[in-house]
Amino acid sequence: MSQIPQLIIDLGYILILAGIITLVFRRLKQPLVLGYVVAGMIAGPAMSQIQSVGDMASIQTWSDIGVIVLLFTLGLEFSFKKLMKVGGTGAITTFFEFITMFAVGYLIGKLLGWSQMNRIFLGGMLTISSTTIILKAYDDMGLKTRNFAHLVFSVLIIEDLVAILELVLFPTLAVSKGVEGSELIFNILKLVFFIVLWFVVGIYLIPSALKFVRRLMSDETLLIVSLGLCFSMVVMAHSVGFSAALGAFVMGSILAETIESERIIQIVKPIKNLFGAIFFVSVGLLVNPMSAWEHIIPIVVISLAVLIIKPLSATIGFFISGQPLKTSMQAGFCLCQIGEFSFIIAAMGLSMGVIMPELYPIAVMVSVITTFTTPYQIRLAVPAYNLLMRKLPQKWKNAIQNYSSGNKSLEYKHDLRELTKKYLISLVVSVTLIIATIIFSFNFIEPIVDARMSLFWGDLISLLLTLSLSAPFIFALVHNRKQSTAFNRLWNDSHFNKGYIISLIFFRYLIALVFLGIIVSHFFLMQTGFLVSTILLILILLFASRRISKRYEHIEERFLNNFNSKIDTPKVFERDLHLVKLTVSPSTFAIGKPLKELKLRERYGINIAAIQRGTKTITIPTREDSIYPYDVLSVIGSDEQLAKFRRVIERELLKVDDLPNVELQQFTICASSLLQGNSIKDTGIREKYGLIIAGIEREQEYIMNPESHIQFEVGDVVWSVGTPKSMDELLVGERCTLYAKTE
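For the sequence shown, this note's numbering begins at 64 and goes up steadily by one.
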């Protein structure tokens with residue numbers, strides 16, 4: 064090597080500079096991400112007084128790799144299963160905040176005289192909060208176990224998906240130079256199709272493959288395989304017109320459902336740190352800190368919008384979804400910054416040449432300002448709540464209290480909603496797989512067959528192969544092997560109009576018939592296509608259903624086994640009561656002692672819902688069960704109770720995953736209830752059903768950890784902890800409370 068390439072010189076310079084700056088920022092207790100951006104500003108061409116980067120093109124390539132690795136690791140921590148469990152609170156809050164902040168960004172851009180594309184990109188950047196910054200603030204402030212922190216996590220999960228949607232749709236807007244409704248709808252449907260297809264096929268194949276070669280997988284091999292899958296999906300996403308970021312994110316979310324996910328996260332972490340640092344440094348390279356004064360007005364206006372309107376809109380969203388006002392403000396005040404996704408969106412717009420160059424450094428400066436203020440905003444939530452309560456009239460306070468508590472009681476798990484959700488998921492997955500098999504057959508199988516046979520026989524063989532491939536998924540549309548509990552309850556209820564269920568079933572048959580018609584009509588005349596498809600559907604149901612059913616059952620069983628190989632933790636629960644997972648330290652006082660001797664409920668106010676010991680799980684342990692080193696306890700309590708218990712039971716809170724199947728549920732005592740008028744002890748709920756009564760809401764009173772002598776009264780909202788099966792057994796006799804809420 065006669066001469067060192069400029070890239071090596073640049074990397075050495077920016078990495079040592081980033082290391083020094085981040086040491087300073089760690090000393091100042093500020094996020095490292097901010098240190099990287101500042102290091103980039105110093106190393107950029109704008110700072111001509113000192114050495115600057117010479118090969119920007121190569122650094123940009125490394126930055127692009129950093130985006131891919133960053134999105135891949137975000138996908139590893141995302142998990143579509145977690146998205147399905149987010150619930151109404153996260154969805155409502157994200158929707159309200161998105162609409163508000165996008166409108167605010169668009170309006171600010173209009174007031175500043177910016178073009179339409181600049182307004183759209185600014186609105187998109189303001190809708191996404193920074194997961195990295197919030198996690199760092201929670202770590203520094205010890206807030207990860209607080210109830211409101213888990214509500215924020217649910218919003219961040221959905222915001223990640225919103226950001227991916229923006230990365231897909233904004234290029235379409237940029238190319239068309241405007242908002243074309245039909246093109247947007249097409250791109251959204253295309254995005255949904257490919258995400259569902261990649262996810263279903265990925266979950267079907269990848270976990271099984273990793274499990275098969277698990278014994279051969281060293282950390283080094285697993286790292287190579289994981290990154291290979293990531294970049295393969297990046298290439299695949301790019302080939303169908305999507306961004307590299309989407310492909311990396313999707314592959315990360317697929318691997319997040321495997322039993323190797325935690326291991327992958329750990330071994331990829333150094334790669335993420337390296338390329339992530341280069342990406343954030345490259346963000347700073349494009350910013351001229353000296354020229355910030357030239358854009359001081361938009362920087363100040365946008366920063367104020369992020370610091371004031373963004374947390375306010377999030378607070379309103381949390382409150383509308385039924386959270387108490389204090390919890391809503393604590394959660395809302397955390398979402399007061401923009402971060403890594405905003406950088407990626409801005410960089411995409413800049414690279415496409417559809418936004419003005421000034422917007423990128425403005426976004427970076429806003430991120431810097433809001434990052435610095437995030438810890439102070441979080442601390443401001445409680446004083447702001449106390450001030451608001453002192454200023455509000457008493458009737459307003461009562462209305463706020465009645466709304467939040469009343470809203471919870473109305474959020475029961477409705478059978479009709481559960482049935483509709485199940486049918487829609489099945490419909491989307493089946494239709495996606497049918498379309499994928501049709502596209503594959505028409506573009507790959509048919510040309511190969513036609514090249515070797517005559518026209519008639521080629522079409523006939525292609526038709527049979529296409530029907531064979533798509534038959535299991537068409538069968539899944541029209542046949543339900545096991546109806547859900549919700550379906551049976553609704554169908555057997557004489558007061559329920561069965562027309563809705565019949566309409567759902569008829570619609571699925573109609574969709575199956577349409578797809579059969581499309582397949583047949585492609586090879587034969589349109590006039591005969593739907594007639595033949597109707598006959599085929601009848602024949603499949605009469606004669607081939609058993610064989611096709613076995614094929615589909617095999618596919619479904621393998622998919623569900625892979626999907627459920629890793630069990631996620633339920634999300635945070637209402638009020639100040641939630642469930643966390645703690646590991647028992649070998650040095651704790653509780654080792655070897657039975658629960659009756661420890662008196663944890665009396666000392667700390669907490670309940671042990673389950674004990675996980677290796678591969679064994681003790682659900683709803685008795686007073687005779689003991690605690691041993693490295694047991695994993697599922698503990699229910701308030702923020703303060705859990706924090707107090709955590710200090711004595713373990714040194715470090717474990718990462719939340721793999722909780723046993725115990726849930727916090729609520730039901731209401733009605734006049735015909737068998738529990739009404741009886742005490743907790745007399746009902747024998749714990750002994751008979753295996754349930755713990757964790758709290759009772761009675762008018763304006765909330766009783767946590769009620770004593771066994773307390774009697775149930777009509778109108779009580781009872782919070783219980785146990786398995787779903789135990790709750791179902793209890794509700795058999797509680798016919799007035801069939802719609803219990805599960806969190």
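Here a beta-carbon is modelled for each residue, glycine too, at the ideal position from N, C-alpha and C.
For clarity, every value in this text was computed on a predicted model and none was experimentally measured.
What is the DSSP secondary structure of residue i, counted as helix, strand or coil?
{"i": "residue 509", "result": "helix"}
{"i": "residue 646", "result": "strand"}
{"i": "residue 671", "result": "strand"}
{"i": "residue 777", "result": "coil"}
{"i": "residue 536", "result": "helix"}
{"i": "residue 516", "result": "coil"}
{"i": "residue 352", "result": "helix"}
{"i": "residue 44", "result": "Outside the shown range of the chain, which is 64 to 806, sits residue 44, and nothing can be said about it."}
{"i": "residue 757", "result": "strand"}
{"i": "residue 681", "result": "strand"}
{"i": "residue 419", "result": "coil"}
{"i": "residue 771", "result": "coil"}
Measuring straight from C-alpha to C-alpha, what distance separates residue i and residue j?
{"i": "residue 330", "j": "residue 286", "result": "6 Å"}
{"i": "residue 74", "j": "residue 205", "result": "35 Å"}
{"i": "residue 741", "j": "residue 732", "result": "11 Å"}
{"i": "residue 378", "j": "residue 575", "result": "44 Å"}
{"i": "residue 308", "j": "residue 356", "result": "33 Å"}
{"i": "residue 384", "j": "residue 522", "result": "55 Å"}
{"i": "residue 806", "j": "residue 779", "result": "Unreliable positioning characterises residue 806 in this predicted model, as indicated by a pLDDT of 41, which lies under 50. The coordinate reading is nonetheless provided below. The straight-line gap from Cα to Cα measures roughly 18 Å."}
{"i": "residue 371", "j": "residue 426", "result": "17 Å"}
{"i": "residue 697", "j": "residue 651", "result": "17 Å"}
{"i": "residue 730", "j": "residue 79", "result": "59 Å"}
{"i": "residue 44", "j": "residue 324", "result": "There is no way to answer for residue 44, as the model of the chain reaches only from 64 to 806."}
{"i": "residue 407", "j": "residue 759", "result": "47 Å"}
{"i": "residue 85", "j": "residue 364", "result": "28 Å"}
{"i": "residue 687", "j": "residue 643", "result": "22 Å"}
{"i": "residue 275", "j": "residue 412", "result": "43 Å"}
{"i": "residue 502", "j": "residue 509", "result": "10 Å"}
{"i": "residue 359", "j": "residue 424", "result": "11 Å"}
{"i": "residue 226", "j": "residue 404", "result": "7 Å"}
Would you decide whether residue i is buried or exposed? Buried here means 16 or more other CB atoms lie within 10 Å of its CB.
{"i": "residue 182", "result": "buried"}
{"i": "residue 685", "result": "exposed"}
{"i": "residue 209", "result": "buried"}
{"i": "residue 261", "result": "buried"}
{"i": "residue 272", "result": "exposed"}
{"i": "residue 734", "result": "exposed"}
{"i": "residue 282", "result": "exposed"}
{"i": "residue 714", "result": "Its pLDDT being 49, under 50, residue 714 is placed unreliably by the model, and nothing is read from it."}
{"i": "residue 660", "result": "exposed"}
{"i": "residue 768", "result": "buried"}
{"i": "residue 82", "result": "exposed"}
{"i": "residue 157", "result": "buried"}
{"i": "residue 449", "result": "exposed"}
{"i": "residue 711", "result": "exposed"}
{"i": "residue 461", "result": "exposed"}
{"i": "residue 457", "result": "exposed"}
{"i": "residue 316", "result": "buried"}
For residue i, tell me which candidate among the options has the shortest Cα-Cα distance.
{"i": "residue 567", "options": "396, 541, 521, 387", "result": "541"}
{"i": "residue 189", "options": "121, 422, 100, 253", "result": "422"}
{"i": "residue 222", "options": "652, 402, 758", "result": "402"}
{"i": "residue 680", "options": "694, 303, 669", "result": "694"}
{"i": "residue 381", "options": "573, 777, 738, 212", "result": "212"}
{"i": "residue 133", "options": "336, 83, 585, 529", "result": "336"}
{"i": "residue 196", "options": "98, 226, 268, 646", "result": "98"}
{"i": "residue 699", "options": "784, 765, 658, 748", "result": "784"}
{"i": "residue 137", "options": "391, 510, 216", "result": "216"}
{"i": "residue 171", "options": "350, 362, 787, 462", "result": "362"}
{"i": "residue 230", "options": "131, 320, 294", "result": "131"}
{"i": "residue 153", "options": "428, 790, 398", "result": "398"}
{"i": "residue 194", "options": "410, 304, 267, 434", "result": "434"}
{"i": "residue 270", "options": "292, 259, 252, 256", "result": "292"}
{"i": "residue 586", "options": "513, 462, 644", "result": "513"}
{"i": "residue 774", "options": "752, 267, 756, 664", "result": "756"}
{"i": "residue 349", "options": "507, 218, 750, 414", "result": "414"}
Say the cut is 7 Å; is the CB of residue i nearer than that to a heavy atom of the ligand ATP?
{"i": "residue 395", "result": "By its list of ligands, the structure shown contains no ligand whatsoever, and the ligand ATP lies outside what it can speak to."}
At a cut of 8 Å, does the stretch 699 to 709 reach the stretch 662 to 675 through at least three beta carbon pairs?
With the cut-off at 8 Å, the stretch 699 to 709 and the stretch 662 to 675 touch.
Using 8 Å as the cut-off, can you tell me whether the stretch 341 to 358 makes contact with the stretch 119 to 138, which would need three or more C-beta pairs spanning the two stretches below that distance?
The answer is yes - the stretch 119 to 138 touches the stretch 341 to 358, with three or more Cβ pairs under 8 Å.
Using 8 Å as the Cβ pair cut-off and three pairs as the minimum, do the stretch 302 to 316 and the stretch 72 to 92 touch?
Short answer: they don't touch.
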